[in-house]
Amino acid sequence: MMKRILMASAVMMVATSLPAETPVLTVAVPTMGTWAVTGNVQGVPVTLSCALATAADLTVSGSCVDDQTKSHPVKGTVKEQTLTWSFDSEYEGSPITVTLTGVVDETGAKMAGTIYVDPMNADGDFSATLKPQATT
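Here the sequence shown is numbered in numbering that gives the first Met the number 0, starting from 0 and rising by one per residue.
Structural data, given as structure tokens:
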């Protein structure tokens, strides 16, 4: 009985010592892993494989591999269930920045959102599924 009281007291102390503005993710680390992304930007199909990781400060890093097997480093942020990340690429020889903003569903394994391509001012939609991690 005494152990339960001590454990409950310790949990209460930790819970009340957290700052009020501590960000809380509603899905456990929604960006960790590799996402299979498919979408469309004004009639142009988009296929990406994005390996993303979230740091303690809620920044996102990793890379996206396009359908031409070219890897692009990404940077971004996560806030609650919304993930935004971007990378630099080329389209028909011109430099572009691709930004994806998606909302991760309650399972943490699916996401849907928008794609924006700058400086072309082109946008579209995407959906993504978290690929299962290989077991050893």
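Quick reminder that beta carbons are idealized off the backbone N, C-alpha and C, glycines included.
So what's residue i in DSSP terms, helix, strand or just coil?
i	result
K32	The displayed chain sequence assigns Gly, not Lys, to residue 32. DSSP places G32 in strand when its eight states are reduced to three.
N120	coil
D87	strand
K74	strand
L51	strand
Y115	strand
L99	strand
P141	Shown here, the chain extends from 0 to 135; a query on residue 141 therefore has no answer.
Tell me which residues share the same chain as residue i and place their Cβ nearer than 7 Å to its Cβ, disregarding the 5 neighbours each side in the sequence.
i	result
I97	The question names Ile, but residue 97 in the sequence shown is Val. Result list for V97: S85, F86, S88, I114, V116, in chain order.
To which residues of the same chain is residue i closer than 8 Å at the C-beta, ignoring the five residues directly before and after it?
i	result
A108	T128, L129
Please classify residue i as buried or exposed, where buried requires at least 16 neighbouring CB atoms within 10 angstroms.
i	result
V43	exposed
G92	exposed
T46	exposed
T53	buried
Nearest to residue i by CA position, among the options, is which residue?
i	options	result
D66	V77, M110, D124, Y90	Y90
T33	I95, L57, V73	V73
S126	M110, I95, M31	M110
M119	I95, D104, E105	I95
D124	T100, P131, L51	T100
Within its chain, find whatever has a CB closer than 6 Å to the CB of residue i; leave out the 5 residues flanking it on each side and keep chain order.
i	result
C63	L47, C49, H71, V73, F86
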